[in-house]
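>
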Amino acid sequence: MTRRRQWVRYSDRKVPLSARGPKRAPASSTDPETWSSYSAAKRSRAGVGIGFVLSSVDRLVCIDLDHALVDGALTAWARRIVARLPRTYIEISPSGTGLHIWGYGSVGRGRRIRRGDTAVEIYDRGRYMTVTGERFEKAPSVLADLSRVIDDLL
61 MTRRRQWVRY SDRKVPLSAR GPKRAPASST DPETWSSYSA AKRSRAGVGI
111 GFVLSSVDRL VCIDLDHALV DGALTAWARR IVARLPRTYI EISPSGTGLH
161 IWGYGSVGRG RRIRRGDTAV EIYDRGRYMT VTGERFEKAP SVLADLSRVI
211 DDLL
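Position one of the sequence shown corresponds to residue 61 (our numbering), numbered consecutively onward.
#1: Report the residue from VAL121, HIS160, ARG144, GLU151 whose alpha carbon sits nearest the alpha carbon of GLY168.
#2: Can you give me the C-alpha to C-alpha distance between ASP177 and SER78, rounded to a whole angstrom?
#3: When the Cα of ILE173 is compared with those of GLY156, ASP211, LYS198, SER115, which residue comes out closest?
#4: Give me the residue from ASP118, TRP137, ASP72 with the minimum Cα distance to PRO154.
#5: What residue range is occupied by the uninterrupted alpha helix (DSSP H) comprising TYR149?
#6: Could you spell out the range, first to last residue, of the beta strand (DSSP E) harbouring ASP124?
#7: Going by the CB atoms, is the gap between SER104 and ARG69 shorter than 9 Å?
#8: Mapping DSSP to helix, strand and coil, what is ARG175?
#9: In or out: TRP203 buried (at least 16 other Cβ within 10 Å) or exposed?
#10: In the DSSP assignment, find the alpha helix (DSSP H) that holds LEU114 and state where it starts and stops.
#11: In whole angstroms, what separates the C-alpha of ARG195 from that of GLY81?
#12: Do you know offhand how far GLY95's Cα is from VAL113's?
#13: Need the endpoints of the alpha helix (DSSP H) that ARG103 sits in, please.
#14: Excluding sequence positions up to five away, which residues of its chain have a Cβ less than 7 Å from the Cβ of SER201?
#15: What does the alpha-carbon distance come out to for the pair GLY107 and PRO76?
#16: Among residues of its own chain, excluding the 5 on either side of SER97, which ones have a beta-carbon nearer than 6 Å to its beta-carbon?
Here it is, written out as structure tokens:
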């Protein structure tokens, strides 16, 4: 994920910010002119953290599990999803209660799935995701094909 110019900063309210120009210049998840390289986003002092913009160019997908952790432990519904995953990069979200599962796949139009306690979002384009670098448990630093898991969730 570090080779492309698909990086932004984000505010304390998770609003995407450009790493270029004024400290509070907005960024857009659909306008590459507002994106930067990883190193530029990392150096920038705009906002409170960095984010990665998903675009259809690279087949990267992120599965966002909201409220998947309670006191650091996986909830039952999140454990069922994580157990089905191939070995892929998973990180803890900025809130400390969610997980971002990164890999390859295709979704088309992003999806939000709410069933009971389950709160899942799946995106592969037109969105940006906050990035913490805080690995979940012993997640590897590789990306796997998540197509089967995505199909099961949808």
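Note that beta-carbon positions come from the ideal geometry of N, C-alpha and C, so glycine has one too.
Judging by the given coordinates:
#1: Against the sequence shown, residue 168 aligns to sequence position 108. Nearest option by C-alpha distance: VAL121.
#2: The sequence position of residue 177 within the sequence shown is 117, counting from 1. The sequence position of residue 78 within the sequence shown is 18, counting from 1. Taking the straight line joining both Cα atoms gives about 34 Å.
#3: Residue numbering aside, residue 173 sits at position 113 when the sequence shown is read from its first letter. ILE173 has its Cα closest to that of ASP211, out of GLY156, ASP211, LYS198, SER115.
#4: Counting from 1 along the sequence shown, the entry for residue 154 is found at position 94. Checking every option, the nearest Cα to that of PRO154 belongs to ASP72.
#5: As a first step, residue 149 must be located in the sequence shown, where it is residue number 89. Element bounds for TYR149: n/a, residue is neither H nor E.
#6: Within the sequence shown, residue 124 is the residue found at index 64, counting from 1. That run of the beta strand (DSSP E) goes 120 to 125.
#7: Start at 1 with the first residue of the sequence shown, and residue 69 comes out as number 9. Start at 1 with the first residue of the sequence shown, and residue 104 comes out as number 44. Yes.
#8: For this step, residue 175 is matched to residue 115 along the sequence shown. Three-state DSSP puts ARG175 in a strand.
#9: In the sequence shown, residue 203 corresponds to position 143, counting from 1. It is worth fixing the name first, because residue 203 is Leu in this sequence and not Trp. Classification for LEU203: buried.
#10: Residue 114 sits at position 54 when you count from the first residue of the sequence shown. It is not in any alpha helix (DSSP H) - LEU114 instead sits in the beta strand (DSSP E) that spans 109 to 114.
#11: On the sequence shown, residue 195 is found 135 positions in, with the first residue counted as 1. On the sequence shown, residue 81 is found 21 positions in, with the first residue counted as 1. Those two C-alpha atoms are separated by around 31 Å.
#12: To locate residue 95, count along the sequence shown from 1; it is residue 35. To locate residue 113, count along the sequence shown from 1; it is residue 53. A small correction: the amino acid at residue 95 is Trp; Gly does not occupy that position in the sequence shown. The straight-line gap from Cα to Cα measures roughly 8 Å.
#13: For the purposes of this step, residue 103 is taken as residue 43 along the sequence shown, with counting starting at 1. Looking at the DSSP string, the run of the alpha helix (DSSP H) that includes ARG103 is 98 to 103.
#14: Against the sequence shown, residue 201 aligns to sequence position 141. Cβ within range, chain order: TYR149.
#15: Against the sequence shown, residue 107 aligns to sequence position 47. Against the sequence shown, residue 76 aligns to sequence position 16. The alpha-carbon atoms of GLY107 and PRO76 are separated by roughly 9 Å.
#16: By 1-based counting over the sequence shown, the position of residue 97 is 37. Correct list, in chain order: ARG65.
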